[in-house]
Amino acid sequence: MHETSIVNSIMRTLEQQFETEKLNKMKVIHLKVGILSNIEPRLLYNAYEASHMMNPKYQNVQLKIEMTELKIQCEFCDHITDVEKYRFICDKCEKPSKNVIQGEEMLIHKVEFND
Amino acid sequence: MIEKSTKAARGTVQCENTNINLLKANDFVADIIKKEMAKTKTLLINITSSAGSGKTTLMQKTAQKLKDKITMAVMVGDLETERDADRIRETGIQALQIVTGGICHLEAQMIHQVLDQFDLPNIDLLFIENVGNLVCPSSFDLGEDYRVTLMATTEGDDKPKKYPKMFLTSDMMLVSKADLLPYVPFSVEAVIKDAREVNYEIEVLQVASTTGEGIDEWCDWLLEKIEQKKG
């Protein structure tokens, strides 16, 4: 059910963002989602396909999802660590950090339109 | 001479970098709730956990302890039935059931829709008892001041690493059903270690709603936060 809510939210957001004329030319929606976002791309693709059954308006618009890995940046030494096994600890100075710089995103990153 | 075409190129693709949050609609409403609560100085707490880890029992116990000192109310989300709200009402406080009809989490819009059912200027503490689920509710900001996650000893001590987003976004972890510790293979030390590896700032309390263990500390924490909110 979570994925359906997200698809609805994406379409609602785009409809607020762009004029109808532009929406009709929409070609590809690019999402950027982090590992921490709890979004499972396959389920989201399915929910997106399913949404066309209710509302076929956007059935020719492609959805592309890019997943990003988890990274933190240390507040003390500025070192960037790739977080593995959800250990939020700087691998240079061993200090804990909550400063997530990548991996939490849930973004409509880019929208492509036909001319 | 050939007229130069001034028409826009055809067949090309126009691109707009948007970088809009997927949950922009939700976060917009969460902000409205936050402002409302700042105005009425009501402390808003979002309680999350797996299903069956004792959220409703904790609400009952908290109501019994605090209802003579402060005014508190609860809104509780479930997929179906009015059962949890009924249980909380038995303690004599206002409780409102939000039936999500199959949706696995509460969204800011659902909270905002029912806010006018509460006399907010006269409520010190408003709990949102979220749908029992450690996954989806973690993504939806409800405009709360604090997020508190229950972690029952009967669930196993491996949850913080399995559901990191929830523990990363929580301010407090309550290890609940602590009275059952002698009977279950659960290490409080291990769960705290894992939770702090995800979120080093998370506060931890150990509670048992049925025996009353840790309930005083929990209520003191709430009273302190209410004081802070009142400024």
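Chains as they are written, first to last, in my numbering: chain L, 1 to 115; chain C, 116 to 346.
Where a beta carbon is used, it is the ideal one built from N, C-alpha and C, also for glycine.
Note that the structure is predicted; figures quoted are calculated from it, not measured.
Original post:
Does Ser-51/L come within less than 7 Å of chain C when only Cβ atoms are used?
Top reply: no
Original post:
Where do the ends of the beta strand (DSSP E) carrying Gln-209/C lie?
Top reply: Per DSSP, Gln-209/C belongs to the beta strand (DSSP E) from 209 to 214.
Original post:
Are the C-beta of Lys-45/L and some C-beta of chain C separated by less than 7 Å?
Top reply: Just to set this straight, residue 45/L is Tyr in the shown sequence, not Lys. Tyr-45/L does not count as touching chain C.
Original post:
DSSP puts Glu-15/L in a beta bridge; with which residues?
Top reply: Glu-15/L pairs with nothing; no bridge assigned.
**OP:** Could you check if Asp-321/C is buried or exposed, using at least 16 other CB atoms within 10 Å of its CB as the buried criterion?
**Re:** Just to set this straight, residue 321/C is Gln in the shown sequence, not Asp. The residue in question, Gln-321/C, is buried, as its Cβ has 16 or more Cβ neighbours within 10 Å.
Subject >> Partners in chain C for Gln-17/L, counting only beta-carbon separations shorter than 8 Å >> reply: Thr-133, Ile-135
Subject >> Span of the beta strand (DSSP E) around Asn-161/C >> reply: 158 to 163
Subject >> Residue from Thr-326/C, Leu-265/C, Asn-136/C with nearest C-alpha to Val-319/C >> reply: Scanning Thr-326/C, Leu-265/C, Asn-136/C for the CA closest to the CA of Val-319/C turns up Leu-265/C.
**OP:** State buried or exposed for Phe-255/C, treating a residue as buried only when at least 16 other CB atoms are found within 10 Å of its CB.
**Re:** By the neighbour-count definition (other C-beta atoms within 10 Å, threshold 16), Phe-255/C is a buried residue.
Original post:
Exposed or buried, Lys-92/L, counting other C-beta atoms within 10 Å across all chains shown (16 or more means buried)?
Top reply: exposed
Original post:
Rounded C-beta distance between Ile-213/C and Asn-161/C? I'm assuming under 8 Å.
Top reply: That belief does not hold up - the Cβ atoms of Ile-213/C and Asn-161/C are roughly 13 Å apart, past 8 Å.
Original post:
Taking Cβ-Cβ distances below 8 Å as the criterion, which residues of the region 205 to 231 of chain C are in contact with chain L?
Top reply: Gly-217, Ile-218, Cys-219, His-220, Glu-222
Subject >> Sequence-distant residues of the same chain with beta carbon closer than 7 Å to Ala-200/C, five excluded per side >> reply: Val-191, Ala-210, Leu-211, Gln-212
**OP:** Flag Lys-280/C as yes if its beta-carbon sits less than 7 Å from any beta-carbon of chain L, otherwise no.
**Re:** yes
Original post:
Applying a beta-carbon distance threshold of less than 8 Å, which residues of chain L neighbour Glu-316/C?
Top reply: Ordered by position in chain L, the residues that pass the 8 Å Cβ test against Glu-316/C are Lys-98.
**OP:** Could you check how far apart the C-beta atoms of Lys-345/C and Lys-156/C are, in whole angstroms? I think they sit under 8 Å.
**Re:** 5 Å
Original post:
How would you list, in chain order, the residues of chain C whose beta-carbon sits under 7 Å from the beta-carbon of Arg-12/L?
Top reply: Ala-140
**OP:** Quick one: grab the DSSP three-state call for Leu-257/C.
**Re:** Note: Leu-257/C maps to coil in three-state DSSP.
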